[in-house]
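Numbering (the working numbering), first residue to last: 2 to 151.
Down below is the structure, laid out as structure tokens.
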């Protein structure tokens with residue numbers, strides 16, 4: 002009995018699904034192709050039925066080690082850019098009108114506090130946020146166990 006006739010587990014199917022999801026996120030599969038392949042994966046009973054699902058996709062590489070871990074997450078940058086530019090504008094207006102009472106405080110502080118809360122929660126929950134930038138690379142495809150020798 003060959004390895005392709007060994008029954009696949011749910012964990013094996015989930016590994017294949019993660020690889021398909023990664024391929025779809027990279028643009029290698031359309032949503033329709035992804036859906037078709039998901040149906041094949043969940044209906045597969047053996048490794049032999051799982052193998053063709055990934056046959057035309059490149060093997061996953063372990064490039065996760067090259068991902069910078071101290072990078073500011075993109076969602077944080079996008080969220081804070083308007084705050085920076087609006088506050089620069091309010092400071093410019095404040096200076097141009099005589100630099101009296103520091104009213105830009107009432108623009109910067111409440112808005113900044115409103116942004117600081119989701120930023121702190123998001124970075125704390127996701128570590129430094131680099132995991133939210135790139136999807137986790139799925140493990141290598143499952144290797145079917147060798148059948149017992151009799």
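Note that beta-carbon positions come from the ideal geometry of N, C-alpha and C, so glycine has one too.
- Item | Limits of the unbroken alpha helix (DSSP H) element including residue 50 | Numbered from 1 along the chain shown, position 49 holds the residue referred to as residue 50. Looking at the DSSP string, the run of the alpha helix (DSSP H) that includes residue 50 is 48 to 51.
- Message: Cutting at 6 Å between CB atoms, please list the residues of its own chain near residue 25, excluding the five before and the five after it.
- Response: In the chain shown, counting from the first residue as 1, residue 25 sits at position 24. Once the five neighbours on either side are set aside, the close Cβ partners of residue 25 are 35.
- Task: Decide if residue 12 is buried, meaning its Cβ has at least 16 other Cβ atoms within 10 Å, or exposed.
- Result: Along the chain shown, one-based indexing puts residue 12 at 11. It counts as exposed.
- Query: Roughly how many angstroms separate the alpha carbons of residue 91 and residue 104, rounded to a whole number?
  - Reply: The residue labelled residue 91 in the question sits at position 90 within the chain shown. The residue labelled residue 104 in the question sits at position 103 within the chain shown. Their backbone Cα atoms lie some 9 Å apart in a straight line.
- In or out: residue 16 buried (at least 16 other Cβ within 10 Å) or exposed? Position 15 of the chain shown holds residue 16. Answer is buried; the Cβ neighbour count reaches 16.
- CA nearest to the CA of residue 1, picked from 47, 21, 61 and 32: No answer is possible for residue 1: it lies beyond the span of the chain, which begins at 2 and ends at 151.
- Message: In the DSSP assignment, the alpha helix (DSSP H) including residue 57 goes from what residue to what residue?
- Response: The residue labelled residue 57 in the question sits at position 56 within the chain shown. Per DSSP, residue 57 belongs to no alpha helix (DSSP H) and is neither H nor E.
- Query: Quick one: is residue 75 buried, meaning 16 or more other Cβ sit within 10 Å of its Cβ, or exposed?
  - Reply: By one-based count along the chain shown, residue 75 stands at place 74. The residue in question, residue 75, is exposed, as its Cβ has fewer than 16 Cβ neighbours within 10 Å.
- Item | CA-to-CA distance, residue 7 to residue 123, given in whole angstroms | Here the question's residue 123 lines up with position 122 in the chain shown. Here the question's residue 7 lines up with position 6 in the chain shown. Whole-angstrom Cα-Cα distance: 43 Å.
- Task: From the DSSP output, in three-state form, read off residue 127 for me.
- Result: What you label residue 127 is simply residue 126 of the chain shown in a count that begins at 1. Residue state, collapsed to three classes: coil.
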